[in-house]
Amino acid sequence: SAVISQKPSRDICQRGTSLTIQCQVDSQVTMMFWYRQQPGQSLTLIATANQGSEATYESGFVIDKFPISRPNLTFSTLTVSNMSPEDSSIYLCSVEGYRGSETQYFGPGTRLLVL
Amino acid sequence: DAKTTQPTSMDCAEGRAANLPCNHSTISGNEYVYWYRQIHSQGPQYIIHGLKNNETNEMASLIITEDRKSSTLILPHATLRDTAVYYCIVRVEGSGYALNFGKGTSLLVTP
Chain A
255 SAVISQKPSR DICQRGTSLT IQCQVDSQVT MMFWYRQQPG QSLTLIATAN
305 QGSEATYESG FVIDKFPISR PNLTFSTLTV SNMSPEDSSI YLCSVEGYRG
355 SETQYFGPGT RLLVL
Chain B
85 DAKTTQPTSM DCAEGRAANL PCNHSTISGN EYVYWYRQIH SQGPQYIIHG
135 LKNNETNEMA SLIITEDRKS STLILPHATL RDTAVYYCIV RVEGSGYALN
185 FGKGTSLLVT P
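Chains as they are written, first to last, in our numbering: chain A, 255 to 369; chain B, 85 to 195.
In structure tokens, the structure reads:
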């Protein structure tokens, strides 16, 4: 399966600041996604990261709050902007199209606590 | 994607088979059944998927009913490390769409 890393693995941040999360996969993939998992909840899709174009956001998520980049086929970033305690969650990236596979694989997640 | 229904929680004794059911009565002909699990807030781990035939890999077996309206994930010899939340998800393979996670089944494997 895909080898996916996320940085940082966890962080504690002050409200009003921003954090950029990196997702790196060890081989080119066609699709990359960003999810959020709030405490005690299931995963919710934030957006699809599109290579070379703007990300596609789900209802309730906006680019100003969660800007996303995908400069190439193995890397993406998610920024959580102007953070509040409600942003405390696990943020996960996933990939599809790894070495021709149509299965989605997930990174280990970034645990964010906003004080 | 079709909606799935799973029990909220299940228990299983270590060494016994864990059978996790999933209902997906509105599944379409081109939709696959996928199973993932999430161990203690780690990233979800892919387990297995299938269309209509039963599937087996080194982790588990997937049994899909003939009418495809339900399926069962079988962990043949559960261990304490199999304690996790198990998600049954229905989607078109390779659709490029994200996975729609429900609440899943919280499986507790006991000594």
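For each residue, glycine too, the CB sits at the ideal point set by N, CA and C.
Bear in mind the structure is a predicted one, so any value in this text is a computation, not a measurement.
7 Å Cβ cut-off: residues of chain B touching residue i
i: F195 of chain A; result: Limits of chain A in this structure are 255 at one end and 369 at the other, which puts residue 195 of chain A out of reach.
i: I344 of chain A; result: S125
i: Y302 of chain A; result: Checking the sequence shown, residue 302 of chain A turns out to be Thr, not Tyr. Result: A182.
For residue i, three-class secondary structure by DSSP
i: G363 of chain A; result: coil
i: L164 of chain B; result: helix
i: P105 of chain B; result: strand
i: R290 of chain A; result: strand
i: D265 of chain A; result: strand
i: P91 of chain B; result: coil
i: G354 of chain A; result: helix
i: P325 of chain A; result: strand
i: E142 of chain B; result: coil
i: E340 of chain A; result: helix
i: G180 of chain B; result: coil
i: T149 of chain B; result: coil
i: E115 of chain B; result: strand
i: I132 of chain B; result: strand
Min CB distance residue i to chain A below 8 Å
i: L62 of chain B; result: Residue 62 of chain B lies beyond the residue range present for chain B, which begins at 85 and ends at 195; the question has no answer from this structure.
i: G113 of chain B; result: no
Beta-carbon neighbours of residue i, restricted to chain A and to distances below 8 Å
i: K87 of chain B; result: Near K87 of chain B there are no residues of chain A at all, since even the closest Cβ is about 13 Å away, more than 8 Å.
i: G134 of chain B; result: Ordered by position in chain A, no residue passes the 8 Å Cβ test against G134 of chain B, which lies about 12 Å from the chain.
i: E177 of chain B; result: E356
Any C-beta of chain B under 8 Å from that of residue i
i: M286 of chain A; result: no
i: S255 of chain A; result: yes
i: L369 of chain A; result: no
i: G363 of chain A; result: yes
i: E350 of chain A; result: yes
i: L299 of chain A; result: yes
Interface partners of residue i on chain A, CB under 9 Å
i: G186 of chain B; result: S296
C-alpha gap between residue i and residue j, whole angstroms
i: F287 of chain A; j: Y352 of chain A; result: 13 Å
i: G186 of chain B; j: L297 of chain A; result: 8 Å
i: E98 of chain B; j: D166 of chain B; result: 9 Å
i: E150 of chain B; j: E139 of chain B; result: 13 Å
i: T284 of chain A; j: A303 of chain A; result: 10 Å
i: Y120 of chain B; j: L157 of chain B; result: 10 Å
i: L369 of chain A; j: Q292 of chain A; result: 15 Å
i: T274 of chain A; j: N336 of chain A; result: 11 Å
i: A182 of chain B; j: C172 of chain B; result: 14 Å
i: R175 of chain B; j: G361 of chain A; result: 20 Å
i: I344 of chain A; j: E142 of chain B; result: 29 Å
beta-carbon residue i near the ligand ADP non-hydrogen atom, thresh 7 Å
i: G351 of chain A; result: The model on display carries no ligand, and the ligand ADP is accordingly not part of it.
Contact with chain E by residue i, beta-carbon distance below 8 Å
i: Q295 of chain A; result: The structure shown contains no chain E; its protein chains are A and B.
Quiz item: If we count Cβ pairs, one from each stretch, closer than 8 Å, do we get three or more for the segment 86–106 of chain B versus the segment 354–364 of chain A?
Solution: no
Quiz item: Any contact of the segment 261–273 of chain A with the segment 292–312 of chain A, i.e. 3+ C-beta pairs under 8 Å?
Solution: no
Quiz item: Counting pairs of beta carbons, one from the segment 97–113 of chain B and one from the segment 122–133 of chain B, are three or more of them closer than 8 Å?
Solution: No, because fewer than three Cβ pairs between the segment 97–113 of chain B and the segment 122–133 of chain B fall closer than 8 Å, the two stretches do not touch.
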